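Working notes for the structure below.
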Amino acid sequence: MPVFLNTLALFAGSMATHFMIWKVRLPKRQIRALLINFAAVFSLWLALSLVHHAALLALLQVALYYWSISLCYTITYSAVEGESPTLGLMRYVAGGGSEGRSAGEIARFLDERRFLGSRLAALVESGLVREQDGRYVIAGKQPVAFRLILGFRNLYGSIPKGG
Amino acid sequence: MSTLLCPLAALAVNVLTQIIVFRFRRGTQYFRSIVESFLSGAVAFVMLEAMVLSRGNPLNRDMATAFLVDAPTYLALAYCGFAFIQLGQTSIRIRMYSEIVSTRSGISVEELDREYDDKALMRERLRRLVESGDIVEKEGRYFVGRKRFLLFSNILFFAKRILLGREREFE
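As they're listed, the protein sequences go chains L and B.
Position one of the first sequence corresponds to residue 19 (the working numbering), numbered consecutively onward.
Position one of the second sequence corresponds to residue 13 (the working numbering), numbered consecutively onward.
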């Protein structure tokens, strides 16, 4: 039970600071800021726990529990930050009410959505790529997370193009 | 230490099952493989917890701890695992980054446009939604069918309003 309550308090603390920061000023790189927020609150708690000679196993349990739910939140938050084509289309169709939406309206909606551009902009904003003489090139080193994703994709074998 | 390992071991079973099943079916029935791997991880989790509980351990763990700590940890890890796999599977952003990484001279917007036709991608999504019954087509008009995505999109829009202060539906 202490592990559960500790994690709950820790996560609630992180969420409180997250909401406060977001209300004061929306960070430019939101996902990065969110992860830094989770890490900062965790580090503070860890330092206090070590001062109070907390048991190592309990610390590890809280750490695993805390980071798993924090990452869950971060993953879900990335959907809040961006715009999902599927969910956007669903809300647009729902907005038509009992009349629904005509094929023409759907086509116009699809034409107006530039999801590709928004994803490219997100890559630039996150510092992964930069524009140079009208071309997009990689900026700096490949992040570890990206290498992991590509490595995992290789385990799967070839994947058809989708989106 | 064994108590800590239950959710992690269950996650390992989940991911391994996912890889094996997906490769065995040669990339088909992706979502079915996600459900199956999650369930196999859940079965492994229950078995491991039962073993730990029956043997006793230094933290005096009980059913409540397993229920309140370990089970949510496995669920959260499984969700993270799913998102990680999904990222490599369908994320356009990852694919675009991959294309840029693979070229020395970089890639232009025109080249990306040719590779990832925005309209074609959206038409493909509409087709999938109609096929799955999430959107229903009646006499040339489109209506909401199954409400699962709509519920999720409403929650996300609510979160956008609270966190990002967005009032408009589409920006």
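All C-beta atoms, glycine included, are put in the ideal place defined by N, C-alpha and C.
For clarity, every value in this text was computed on a predicted model and none was experimentally measured.
- R153 (chain B) has L:S120, B:K150 as its beta-bridge partners, per DSSP.
- DSSP places R153 (chain L) within a strand segment (E or B) once states are collapsed to three.
- In the structure shown, R148 (chain L) falls within a strand segment according to DSSP collapsed to helix, strand and coil.
- For the segment 126-138 of chain B, the set of residues with a beta-carbon nearer than 8 Å to any beta-carbon of chain L comprises Y128, D130, K131, L133, M134, R135, E136, R137, L138, in chain order.
- Contacts with chain L at 8 Å (Cβ-Cβ) do not include F36 (chain B).
- For T77 (chain B), the nearest CB of chain L lies under 8 Å from its own CB, placing it at the interface with that chain.
- Look at C92 (chain B): its C-beta is under 8 Å from a C-beta on chain L.
- Each of B:A78, B:K159, B:S49 was checked against the Cα of M63 (chain B), and the nearest Cα belongs to B:A78.
- Contact of F60 (chain L) with chain B by beta-carbon distance below 8 Å is absent, the smallest such distance being about 15 Å.
- Cα atoms of F22 (chain L) and G31 (chain L): separation of roughly 14 Å, rounded to the nearest angstrom.
- By the neighbour-count definition (other C-beta atoms within 10 Å, threshold 16), M134 (chain B) is a buried residue.
- If you draw a straight line from the Cα of G53 (chain B) to the Cα of Y128 (chain B), it comes to about 35 Å.
- Counting along the chain, the unbroken alpha helix (DSSP H) around P103 (chain L) starts and ends at 103-113.
- Scanning the segment 36-75 of chain B from its first residue to its last, the whole alpha helix (DSSP H) runs of 4-plus residues come out as 42-67.
- 8 Å or more divides the Cβ of L173 (chain L) from the Cβ of I32 (chain B).
- Under the 8 Å Cβ criterion, the segment 112-132 of chain B counts as touching the segment 138-157 of chain L, having at least three qualifying pairs.
- By the criterion of a C-beta distance shorter than 6 Å, S49 (chain B) is surrounded in its chain by N26, T29, Q30, once the five residues flanking it on both sides are discounted.
- Between the alpha carbons of A90 (chain B) and D151 (chain L) lies a distance of about 42 Å.
- According to DSSP, residue pairing for I119 (chain B) in a beta bridge involves L:Y154.
- About 32 Å separates the beta carbons of W40 (chain L) and L141 (chain B), which is beyond the 8 Å limit, so they are not a contact pair.
- By the Cβ neighbour-count rule, K172 (chain B) is buried, with 16 or more other Cβ atoms within 10 Å of its own.
- Straight-line measurement puts the Cα of V81 (chain B) at about 28 Å from the Cα of L166 (chain L).
- From the listed residues L:S102, L:E101, L:V98, L:Y83, the smallest Cα separation to F60 (chain L) is found for L:Y83.
- Under the three-state reduction of DSSP output, R107 (chain B) falls in the helix class.
- Linking R153 (chain L) to K46 (chain L) through their CA atoms gives a straight-line distance of about 23 Å.
- C-alpha of L74 (chain L) to C-alpha of V113 (chain B): approximately 42 Å in a straight line.
- Under the Cβ criterion of 8 Å, S45 (chain B) is not counted among the residues facing chain L.
- Taking a contact as a CB-CB distance under 8 Å, the pair E61 (chain B) and C18 (chain B) counts as one, their CB atoms being some 6 Å apart.
- A distance below 7 Å between beta-carbons, with the five flanking residues on each side excluded, links I124 (chain L) to no residue of its chain.
- For A78 (chain B), there is no enclosing alpha helix (DSSP H), as DSSP gives it neither H nor E.
- Taking a beta-carbon distance threshold of 8 Å, F22 (chain L) counts as an interface residue toward chain B.
- In the DSSP assignment, I167 (chain B) falls within the unbroken alpha helix (DSSP H) covering 160-171.
- The way I'd put it, the segment 153-165 of chain B does touch the segment 103-115 of chain L; three or more beta-carbon pairs between them come closer than 8 Å.
- Within the segment 70-86 of chain L, the residues whose Cβ lies closer than 8 Å to any Cβ of chain B are, in chain order, L75, A76, L78, Q79, L82, Y83, S86.
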